[in-house]
Amino acid sequence: MVRQLGRYVLFTLRAFGGMGYVLRRPKLVLKQVYTLGLLSLPVISFASIFLGMVTALMVSYQLEAGVPKFYVGATGGRSLLIEIAPLVIALLVVARVGSNITARIGTMKVTEQIDALETMGINSVHYLALPIILASIVVVPVLVIYSDLISLVAAAVSAKVIVNVPIPQYIFGLKRYATLNDVLGGLLKTPFFGLAMGSISVYYGFQTELGAEGVGKSVTASVVTSAALIMILDFIVAFWMFR
Amino acid sequence: MIKISGLSKCFSQQKVLEGIDFEAQDGRRVFILGKSGSGKTVFLKCILGLLVPDTGKIFIDEMDITPLMVKPRFKRKLTRIRQKIGYVFQGSALLDSLSVADNIALALDSKNLPWEEQNRIIDEKLEMVGLDGDVRRKYPAQLSGGMKKLVAIARAIAAGPAYIFYDEPTTALDPAVATRITKLIIELSERLEVTSLIVTHDMGLARRAGQDIYFLKNYTLSRPRRITRLEELYE
């Protein structure tokens with residue numbers, strides 16, 4: 001495990017060594033931003049709507065009689081901003097994008113496309129890995145901000161429709177109790193989530209061997225490792241900011 | 244010129260190549276014949292540094308490239324050597340996510356050419372391999388096996404290499420396409436004056452296009468007694 005960790009760190013450092021190469025070819029990153037970010041919007045929108053709805057529902061269920069209704073906005077909204085949206089969206093991106101990246105690069109490895117790049121004098125780690133890692137660092141925070149907005153709107157609407165909390169009261173609760181620190185606490189960890197997801201996904205793609213079965217194993221290892229690392233990072237940032 | 248002395252390669256306990264001495268003179272079409280699994284592709288990949296030999300020395304244009312394969316700080320030097328070589332992979336190895344034109348343009352990546360010049364080279368190379376301009380915008384998934392192989396050859400010659408390596412160039416192709424590729428190998432070696440190194444188990448191809456022929460058998464290379472006795476390989 002220690003050897004694997006060392007290889008992963010060295011691989012990531014090697015990838016960042018190609019910064020000059022990628023800066024001269026910004027299209028490589030923009031293409032990944034499109035693939036990773038824009039194409040994820042439908043699934044992120046869908047998930048965010050249900051995240052908002054279930055959060056509003058669960059908070060109102062736990063509030064005892066007599067507690068002012070604006071607490072649905074205060075606690076539910078804060079939970080969404082600080083924890084639920086960033087973590088769930090990051091895990092969703094791992095499932096949708098991370099698995100795709102590992103499968104794509106793993107297939108390129110076993111079909112000699114990566115060897116082909118090397119024979120043409122192109123550093124495959126710089127050409128393939130770094131644009132994905134950079135795009136992930138940018139895209140995950142943007143997707144989380146987008147999810148925050150959608151899920152808050154969905155939470156406010158569902159609070160009104162399902163548990164009869166007026167929308168102005170929901171907004172009042174949110175504005176009164178949610179602080180800038182909450183928003184930053186939620187967003188600060190997202191570039192690290194992106195870095196973890198992007199680098200682990202490409203690393204396992206490059207480690208792929210032995211045909212289709214190898215691709216399957218790499219995808220599983222990539223998704224499990226990314227998800228675990230994201231949860232560890234989540235705890236570390238929460239501990240640092242909210243202890 | 245490519246010169247190799249004492250090349251050996253093992254994978255775990257599995258011996259693949261042992262004590263190989265080899266020479267490819269400039270401008271020649273050199274064939275390496277061997278059965279499937281005899282180590283032909285490993286031999287080519289060792290020359291390119293995609294696999295690091297266990298022992299031996301590999302000289303390309305009188306430069307010993309084996310130390311460049313081991314130390315990461317020599318990666319740029321190795322890259323410059325690789326740019327002298329065009330490689331046609333057995334499975335073509337075109338990048339699925341790129342169009343034919345972009346696949347060929349990859350070979351020109353290090354030259355930083357203006358787009359018009361790249362376009363001109365792409366058209367010229369496609370024409371050389373007998374493909375028309377309509378194929379430029381297609382993706383590898385939209386091409387037949389033979390067309391993929393032709394695009395792979397166009398990509399291999401795009402940067403003006405001194406050497407072209409072909410890994411099983413006629414495998415899994417119908418006879419008409421195989422004949423077309425055989426003619427192309429001969430034509431390109433004469434027109435571009437490149438050294439061609441072809442590994443294959445196709446004895447017909449070796450008979451028609453081979454100038455120097457080696458057998459890869461029992462982990463080592465040998466020369467056949469006569470070109471008409473290629474069947475010796477399977478005896």
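Going line by line, the protein sequences match chains E and A.
With the numbering used here applied, the first sequence covers 1 to 243.
With the numbering used here applied, the second sequence covers 244 to 478.
Each residue gets a CB set at the ideal place from its N, CA and C atoms; glycine is no exception.
| Query | Result |
| --- | --- |
| Tyrosine 330(A) in three-state terms, based on DSSP | strand |
| 6 Å CB neighbourhood of alanine 155(E) in its chain, flanking five on each side removed | Gly52, Thr55, Ala56, Gly76 |
| Beta-carbon gap between alanine 344(A) and arginine 380(A) smaller than 8 Å | yes |
| Length at least 4, wholly inside the segment 351–398 of chain A: the alpha helix (DSSP H) runs in chain order | 358–371 |
| Simplified DSSP state of alanine 267(A), which is helix, strand or coil | strand |
| Candidates Ser255(A), Val273(A), Gln326(A), of which the one nearest leucine 459(A) by Cα | Val273(A) |
| Completely contained alpha helix (DSSP H) runs for the segment 43–80 of chain E, where each covers 4 or more residues | none |
| Min CB distance glycine 249(A) to chain E below 8 Å | no |
| Beta-carbon gap between leucine 260(A) and glycine 282(A) smaller than 8 Å | yes |
| Opposing strand residues paired with glutamine 257(A) [DSSP bridges] | Phe254(A) |
| Partner residues on chain E for glutamine 454(A), Cβ-Cβ distance less than 7 Å | Under the 7 Å cutoff, chain E gives no residues; its nearest Cβ is about 24 Å from glutamine 454(A). |
| Reduced DSSP category for aspartate 182(E) - H, G, I as helix; E, B as strand; rest coil | helix |
| Glycine 115(E) - containing alpha helix (DSSP H), residue span | Checking the sequence, you will find aspartate at residue 115(E) rather than glycine. 113–119 is the extent of the alpha helix (DSSP H) around aspartate 115(E). |
| Own chain partners of phenylalanine 265(A) with C-beta closer than 6 Å, once the 5 adjacent residues on each side are dropped | Ile247, Leu464 |
| Within-8 Å CB hit, arginine 325(A) to chain E | yes |
| Interface partners of isoleucine 328(A) on chain E, CB under 8 Å | Thr119 |
| Proximity winner among Met19(E), Val97(E), Leu23(E), Asn164(E), relative to threonine 35(E) (alpha-carbon distances) | Val97(E) |
| Cβ pair count under 8 Å reaching 3, the segment 378–394 of chain A against the segment 335–353 of chain A | yes |
| Beta-carbon proximity check, isoleucine 219(A) vs valine 437(A), cutoff 8 Å | Lying outside 244 to 478, the shown extent of chain A, residue 219(A) is not represented and no answer is given. |
| Reference leucine 23(E); option with closest CA among Gly214(E), Phe206(E), Leu130(E) | Leu130(E) |
| Residue burial classification, glycine 37(E) (beta-carbon count within 10 angstroms, cutoff 16) | buried |
| Whole-Å CB distance - isoleucine 133(E) paired with glycine 198(E), under 8 Å assumed | 4 Å |
| Exposure label - methionine 306(A); buried when at least 16 CB within 10 Å | exposed |
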